[in-house]
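Q: Heads up: the sequence shown runs through residues 232 to 512, numbered per my numbering.
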Amino acid sequence: MRYFIKVFEGITPFFAALGLQGLAYQVLTAIYQFYIRLTVEAELKGQGITDSDLIRMRVENRAMISPELKNLFGIFIMIFCGIIFVQWYRRININNPKRRIGSIFSFSNTGNLILIGLGCQFFISALLNVLLPFFTKLFEEYSEIMNSIFVGHPIMIVIYSVIIAPIVEEMIFRGVMLNKLRQSFPFIGANILQAIIFGVYHTNIIQGIYAFANGILLGYICYKFQSILASIFLHMVINAAAYIYILYPGDMPINMYLGLGVIGGITISFGLYRLKEDKID
Numbered sequence: 232m233r234y235f236i237k238v239f240e241g242i243t244p245f246f247a248a249l250g251l252q253g254l255a256y257q258v259l260t261a262i263y264q265f266y267i268r269l270t271v272e273a274e275l276k277g278q279g280i281t282d283s284d285l286i287r288m289r290v291e292n293r294a295m296i297s298p299e300l301k302n303l304f305g306i307f308i309m310i311f312c313g314i315i316f317v318q319w320y321r322r323i324n325i326n327n328p329k330r331r332i333g334s335i336f337s338f339s340n341t342g343n344l345i346l347i348g349l350g351c352q353f354f355i356s357a358l359l360n361v362l363l364p365f366f367t368k369l370f371e372e373y374s375e376i377m378n379s380i381f382v383g384h385p386i387m388i389v390i391y392s393v394i395i396a397p398i399v400e401e402m403i404f405r406g407v408m409l410n411k412l413r414q415s416f417p418f419i420g421a422n423i424l425q426a427i428i429f430g431v432y433h434t435n436i437i438q439g440i441y442a443f444a445n446g447i448l449l450g451y452i453c454y455k456f457q458s459i460l461a462s463i464f465l466h467m468v469i470n471a472a473a474y475i476y477i478l479y480p481g482d483m484p485i486n487m488y489l490g491l492g493v494i495g496g497i498t499i500s501f502g503l504y505r506l507k508e509d510k511i512d
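#1: Which value, in whole angstroms, describes the spacing of the CA atoms of Asn378 and Phe354?
#2: Taking only the alpha-carbon atoms, compute the straight-line gap between Gln457 and Leu254 and give it to the nearest angstrom.
#3: Excluding the 5 residues preceding and the 5 following Val431 in the sequence, name in chain order all residues of the same chain whose CB lies nearer than 7 Å to its CB.
#4: What did DSSP end up calling Gln414 once you bin it into helix, strand or coil?
#5: Measuring straight from C-alpha to C-alpha, what distance separates Thr270 and Gln414?
#6: Would Val407 be called buried (16 or more neighbouring beta carbons within 10 Å of its own) or exposed?
#7: State the DSSP-derived secondary structure class of Pro364, mapped to helix, strand or coil.
#8: From the DSSP output, in three-state form, read off Gly383 for me.
#9: Rounded to a whole number of angstroms, what is the C-alpha to C-alpha distance between Phe464 and Trp319?
#10: Out of curiosity, what's the CA-to-CA distance linking Val290 and Leu300?
#11: Mind checking whether Leu449 and Arg405 have CB atoms under 8 Å apart?
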């Protein structure tokens, strides 16, 4: 029983993040709908129209949230959540020594993290394409979710996925959650638990599986460098590399995907080996 209590205490940041994001979305939606209602009522009353049913229909039509507005809401929600978790992270790390930026992002370390991030994205993307014919239904659901994510203004999508999401997600999972879990569990156990929750956070099976694998890697990098900045940077590289992979044609033969997967795996292994060999001050 005590074990489950410790696990629950450790993963409370996950529930806090969901609650904050849900609350922020409800508030933003309510404000937007209130603004639309005021605007529509003013327009119709200016035309001498006071029919409540017509006003309601106009409000419902205009209050539909466009993909661009969803992206904007997503950015504001993640920033709001990020502000809370940055303060939480600072509070639980107040007595920990601060790492020098130069020691984290030396030329060698930065290069290794970039190699790992590129390799990770290429390996996972290639693996997904190899497995696609065997799990068509799962991949159809996954494609629908990913397509909905990438609908909207391209600049907003890039800002969200490459900058904001990595910072906030690292603060939640490797910053706060991993630290809390390590108060009760050894690093390996804590890292696996936070990676599982990171996978669950992504809501679908395909994305959840590779998010779990990424979570293990990001947790190790955070632990290796003793700094959340390293895992944030790696997370940014992984997400940014997805846009490089999009440039490849989608109808490549299976052996091309296998080759990319092998190259990705070798790149990850080489980057991790270099990190293991290099001394991080």
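Note that beta-carbon positions come from the ideal geometry of N, C-alpha and C, so glycine has one too.
Here the structure is a predicted model, which is why all the values come from computation and not from measurement.
A: If we stick to the structure as given:
#1: Translated into positions along the sequence shown, residue 378 becomes position 147. Translated into positions along the sequence shown, residue 354 becomes position 123. Asn378 and Phe354 have their C-alpha atoms roughly 21 Å apart.
#2: Your numbering for residue 457 matches position 226 in the sequence shown. Your numbering for residue 254 matches position 23 in the sequence shown. Computed Cα separation, rounded: 32 Å.
#3: Start at 1 with the first residue of the sequence shown, and residue 431 comes out as number 200. Same-chain partners within the cutoff: Gly439.
#4: Stepping through the sequence shown from its first residue, residue 414 is reached at position 183. Gln414: coil per DSSP, three-state reduction.
#5: Within the sequence shown, the letter at position 39 stands for residue 270. Within the sequence shown, the letter at position 183 stands for residue 414. One alpha carbon belongs to Thr270, the other to Gln414, and they sit about 52 Å apart.
#6: Taking the first residue of the sequence shown as position 1, residue 407 is located at position 176. The residue in question, Val407, is buried, as its Cβ has 16 or more Cβ neighbours within 10 Å.
#7: Looking up residue 364 in the sequence shown gives position 133. Helix at Pro364.
#8: The count along the sequence shown starts at 1 and reaches residue 383 at position 152. Coil.
#9: On the sequence shown, position 233 is the one that residue 464 refers to. On the sequence shown, position 88 is the one that residue 319 refers to. Answer to the nearest angstrom: the Cα atoms are 20 Å apart.
#10: Taking the first residue of the sequence shown as 1, we reach residue 290 at position 59. Taking the first residue of the sequence shown as 1, we reach residue 300 at position 69. Spanning the two alpha carbons is a distance of roughly 16 Å.
#11: Here residue 449 corresponds to residue number 218 of the sequence shown, with the count starting at 1. Here residue 405 corresponds to residue number 174 of the sequence shown, with the count starting at 1. Going by C-beta atoms, Leu449 is nearer than 8 Å to Arg405.
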